[in-house]
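Colleague: Sharing a structure below in structure tokens format, with a few things to ask.
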Ligand code: IVH
């Protein structure tokens, strides 16, 4: 819960310069990390609205303290550098970003700024091209003598990824430009998107196959485009709207609207809602109209864009840092809808955590039908302890209530308010169950917080005897980051479990030898090929690295990173297993040894003790290890310049990612830490390093640049 609680931030106009500096560093790290998750991994973890808020605060601080503006200011960056999977392409003309307007006043200011800059007379009208802002991925298509030669993503604005082979599979992208007078070099820019219907259908297929579920159409478009195999892109229906240009050896028109017509002549699709407006009032009316149409459109939009129509004026207006003065994006607030809460059900997670899920009267929010909403925990429903959460403070939620839900750029919606006026007399306060809904009906306990108080999360005490938890564990076991068994998704696991064919991980590895009896190929919709593929996928995973194996065991508090630390700490399954069994018998020395491993603490030691203390779990592990070969972890080297040293990486590293840096340090026998102390041997500081760098200087810890670090480790 704590992670979601909002921090109280000092208003920008009350920050001292020193605080502003620290705050800029913090925001810059947070924004960069979110950019990386959004642009490179196609997996954002915060809503678009929350991201915009970070950016807004960053810009406001920079505007108040221009002297803190540096060369690596985020306001000079767009997106994130390419991910390295594809060849890089340098854009002939950089692909820039748009400034955002949220309030009507921002649009008035935008128009007034243009008028002032161009020294226009009051009576002179400015024509604007008003267009929907498509929530997809921007793309630059380069045509030479009319032929498509390169398609590149935006990347960091200067350099993108070469996705030509994939883009060629899109129907909306002409391979050859139509028309007789095509300039020798044309770069057509626009947005690649996936329709909402295609996104929902794709997620259904992904779910059935046990594959990645995309959070929203934008991520599924990005994921579909970043395929190494163009045949996969071809199987995903992607669209493209043309709305801008890069390098042009000749300009075929002198207005934005003229360019859009020319794109259509060439064979492109342009957005049919685009309209010329002549005043701020018309722009605001356009914004309003498109917002009312938003949920009926078959593609996601997150606002509208206004562009000065005359290109000679665009040229005169130019750019401020990385955004044009002649255009602005007028964003929409997160989409909301009102519906009725029909019921509340309890879901049991892998570790037995109980989550109340609100069952809604189905309602469309942003084109996605929403039927479920998370209600977090008992206190949240009662309206206590939801301070700083998304729900209005002090509201309790009852079955039968009319609730306002919000979908903010991702699929998991939230309840933001209860319409008290509409609360029917029959509305029932919800009584959180005292026993788990699993067939064991075990007692529910409320977890303790770190300080020993009663927490808000309820848990089933059935552990691995609870069938719900068994299924959840099997799902974790086959998931991508654990055993990664392709074609084994939620549906298959549930079915196999219900049939009694797979009750625990070891059963997966004996499926093939039992198939003479089971005859999986006779199950409806399965067929001989899928069965063969499933067995092949299982057989490929009979050998596995120690870190993945530990993660796949599903020990509470042992996520991927912890599993990796444990694997590195013990080196082999035999020594890890032996230590775990000793810990389960309260062997103090074994406990202390585990505690000493970098980043492992008391919580993990206790969780290991609880897991291996259960004979049921020991049995599961013993049976499983008969079927798989567990590879030893890579041993850290001992005779290197940094062996035994403690290193802190800070700032936005440019030569390697933070994960790469940590992995390299670990390979060379160094420990990495998250904060600087007297025990730190080196602080490796990239651009934008803030408080950690200051701390290192204060404590006299040696500070290295990325190059100095590389020189020290000899390229690693
Ligand atoms: S014009 C100089 N027009 O929004 C900027 N962008 O934040 C040229 N976008 O990177 C961009 N719909 O991915 C423009 N009708 C539209 C757009 C649009 C979506 C995206 C585009 C761009 C981002 C800017």
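Residue numbers (our numbering): 108 to 823.
All residues carry an ideal CB built from backbone N, CA and C; glycine is no exception.
Excluding the 5 residues flanking residue 575 on each side, which residues of the same chain have their C-beta closer than 7 Å to its C-beta?
Modeller: If you number the chain shown from 1, residue 575 lands on position 468. The answer, listed in chain order, is 455, 545.
Colleague: Measure the C-alpha to C-alpha separation of residue 377 and residue 350 and round it to an integer number of angstroms.
Modeller: The sequence position of residue 377 within the chain shown is 270, counting from 1. The sequence position of residue 350 within the chain shown is 243, counting from 1. Their backbone Cα atoms lie some 7 Å apart in a straight line.
Colleague: Suppose you measure from the CA of residue 108 to the CA of residue 122; what does that come to, to the nearest Å?
Modeller: The residue labelled residue 108 in the question sits at position 1 within the chain shown. The residue labelled residue 122 in the question sits at position 15 within the chain shown. Bear in mind that the predicted position of residue 108 carries a pLDDT of just 30, short of 50, making it unreliable; the figure below should be weighed with that in mind. For residue 108 and residue 122, the distance between alpha carbons rounds to 28 Å.
Colleague: Can the beta-carbon of residue 660 be found less than 8 Å from the beta-carbon of residue 679?
Modeller: The count along the chain shown starts at 1 and reaches residue 660 at position 553. The count along the chain shown starts at 1 and reaches residue 679 at position 572. It is not a contact, given that the beta carbons lie outside the stated cut-off.
Colleague: Less than 7 Å separating the Cβ of residue 488 from some heavy atom of the ligand IVH?
Modeller: The residue labelled residue 488 in the question sits at position 381 within the chain shown. No.
Colleague: Go ahead and label residue 751 buried or exposed: buried means 16 or more other beta carbons lie within 10 angstroms of its beta carbon, across all protein chains shown.
Modeller: Position 644 of the chain shown holds residue 751. Exposed is the call here.
Colleague: Helix, strand or coil for residue 701, going by three-state DSSP, please let me know.
Modeller: Numbered from its first residue, the chain shown carries residue 701 at position 594. Residue 701 falls in the helix class under three-state DSSP.
Colleague: Based on Cα-Cα distance, which residue from 157, 511, 439 lies nearest to residue 141?
Modeller: Counted from its first residue, the chain shown places residue 141 at position 34. Cα-wise, what sits closest to residue 141 is 157.
Colleague: Given that a residue counts as buried once 16 or more other Cβ atoms are within 10 Å of its Cβ, and exposed if not, what is residue 508?
Modeller: Sequence index remark: in the chain shown, residue 508 carries index 401 (1-based). With 16 or more other Cβ atoms within 10 Å, it is buried.
Colleague: Please report the distance separating the alpha-carbon of residue 521 from that of residue 223.
Modeller: As a first step, residue 521 must be located in the chain shown, where it is residue number 414. As a first step, residue 223 must be located in the chain shown, where it is residue number 116. Their Cα atoms are separated by approximately 43 Å.
Colleague: For residue 702, count the other beta carbons within 10 Å of its own beta carbon; 16 or more makes it buried, fewer makes it exposed. Which is it?
Modeller: Numbered from 1 along the chain shown, position 595 holds the residue referred to as residue 702. When all chains shown are included, residue 702 counts as exposed.
Colleague: According to the neighbour-count rule (16 or more other Cβ atoms, all chains shown, within 10 Å of its Cβ), is residue 242 buried or exposed?
Modeller: Here residue 242 refers to the residue found at position 135 of the chain shown. It is buried - the Cβ of residue 242 has at least 16 other Cβ atoms within 10 Å.
Colleague: Between the stretch 442-457 and the stretch 157-176, are three or more C-beta pairs nearer than 8 Å?
Modeller: The stretch 442-457 is not in contact with the stretch 157-176.
Colleague: So residue 733 and residue 649 are supposed to be a Cβ contact under 8 Å. How far apart are they, rounded?
Modeller: Here residue 733 refers to the residue found at position 626 of the chain shown. Here residue 649 refers to the residue found at position 542 of the chain shown. Actually they are not in contact, since the Cβ atoms of residue 733 and residue 649 sit about 11 Å apart, beyond 8 Å.
Colleague: Run the CB neighbour count on residue 805, radius 10 Å, all protein chains shown included, and call it buried at 16 or more, exposed below.
Modeller: For the purposes of this step, residue 805 is identified with residue 698 of the chain shown, where counting begins at 1. With fewer than 16 other Cβ atoms within 10 Å, it is exposed.
Colleague: Whole angstroms is fine: what's the gap from residue 778's alpha carbon to residue 366's?
Modeller: Locating residue 778 in the chain shown gives position 671, where the first residue counts as 1. Locating residue 366 in the chain shown gives position 259, where the first residue counts as 1. The straight-line gap from Cα to Cα measures roughly 57 Å.
Colleague: Check whether the Cβ atoms of residue 506 and residue 611 sit closer than 8 Å, and answer yes or no.
Modeller: Stepping through the chain shown from its first residue, residue 506 is reached at position 399. Stepping through the chain shown from its first residue, residue 611 is reached at position 504. No, Cβ-Cβ distance for residue 506 and residue 611 is not below 8 Å.
Colleague: How far does the beta strand (DSSP E) with residue 510 in it extend, from its first residue to its last?
Modeller: One-based indexing of the chain shown puts residue 510 at position 403. Its beta strand (DSSP E) spans residues 509-514.
Colleague: Please classify residue 416 as buried or exposed, where buried requires at least 16 other C-beta atoms within 10 Å of its C-beta.
Modeller: In the chain shown, the residue the question calls residue 416 occupies position 309. Residue 416 is buried by the Cβ-count criterion.
Colleague: Indicate the three-state DSSP secondary structure (helix, strand or coil) for residue 339 in the structure shown.
Modeller: Looking up residue 339 in the chain shown gives position 232. In the structure shown, residue 339 sits in a helix (DSSP, three-state: H, G or I).
Colleague: Less than 8 Å separating the beta-carbons of residue 674 and residue 657?
Modeller: Against the chain shown, residue 674 aligns to sequence position 567. Against the chain shown, residue 657 aligns to sequence position 550. It is a contact, given that the beta carbons lie within the stated cut-off.
Colleague: Look up residue 443 in the DSSP assignment and say whether it is helix, strand or coil.
Modeller: Residue mapping note: residue 443 aligns to position 336 of the chain shown, counting from 1. Strand.
Colleague: Across which residues does DSSP place residue 467 in a beta bridge pair?
Modeller: Taking the first residue of the chain shown as position 1, residue 467 is located at position 360. Paired residues: 448.
Colleague: Tell me, please, whether the CB atom of residue 401 is closer than 8 Å to any CB atom in chain D?
Modeller: Reference to chain D is not applicable here, since this structure consists of a single protein chain.
Colleague: Is the stretch 210-226 touching the stretch 349-364, taking contact as three or more C-beta pairs under 8 Å?
Modeller: Not touching, per the Cβ criterion.
Colleague: At a cut-off of 7 Å, would you count residue 412 as near the ligand IVH, judging by its Cβ distance to the nearest heavy atom?
Modeller: Here residue 412 refers to the residue found at position 305 when the chain shown is read from its first residue. Yes - the ligand IVH has a heavy atom lying nearer than 7 Å to the Cβ of residue 412.
Colleague: Buried or exposed for residue 818, going by 16 or more other Cβ atoms inside 10 Å?
Modeller: Along the chain shown, one-based indexing puts residue 818 at 711. Residue 818 is exposed by the Cβ-count criterion.
Colleague: Near residue 82, which residues of its chain fall below 6 Å by C-beta distance, leaving aside the five closest residues on each side in sequence?
Modeller: The requested residue 82 does not occur in the structure, where the chain is confined to residues 108 to 823.
Colleague: Is the beta carbon of residue 460 closer than 8 Å to that of residue 566?
Modeller: Within the chain shown, numbered from 1, the residue matching residue 566 stands at position 459. Within the chain shown, numbered from 1, the residue matching residue 460 stands at position 353. A contact, by the Cβ cut-off of 8 Å.
Colleague: Please state the DSSP three-state secondary structure of residue 372.
Modeller: Counting from one through the chain shown, the residue named residue 372 turns up at place 265. Here residue 372 sits in helix by DSSP.
Colleague: Where residue 469 and residue 478 are concerned, what is the direct C-alpha to C-alpha distance, given to the nearest angstrom?
Modeller: Residue numbering aside, residue 469 sits at position 362 when the chain shown is read from its first letter. Residue numbering aside, residue 478 sits at position 371 when the chain shown is read from its first letter. If I take the Cα positions, the gap works out to 5 Å.
Colleague: Output yes or no for whether 8 Å exceeds the beta carbon distance between residue 410 and residue 439.
Modeller: Indexing the chain shown from 1 puts residue 410 at position 303. Indexing the chain shown from 1 puts residue 439 at position 332. Yes; because the gap between Cβ atoms is below 8 Å, this pair is in contact.
Colleague: Can you tell which of 812, 693, 381 has its C-alpha closest to the C-alpha of residue 763?
Modeller: As a working mapping, residue 763 is identified with position 656 in the chain shown. Nearest C-alpha to residue 763: 812.
Colleague: Let me confirm a value: residue 552 is counted as buried when at least 16 other C-beta atoms fall within 10 Å, else exposed. Which label applies?
Modeller: Here residue 552 corresponds to residue number 445 of the chain shown, with the count starting at 1. Classification of residue 552: exposed, given that the 10 Å Cβ count is below 16.
Colleague: Any heavy atom of the ligand IVH closer than 7 Å to the Cβ of residue 204?
Modeller: Looking up residue 204 in the chain shown gives position 97. Within the cutoff, so yes.
Colleague: What three-state label does DSSP hand residue 454 in the structure shown?
Modeller: On the chain shown, position 347 is the one that residue 454 refers to. Of the three classes helix, strand and coil, the one that applies to residue 454 here is strand, per DSSP.
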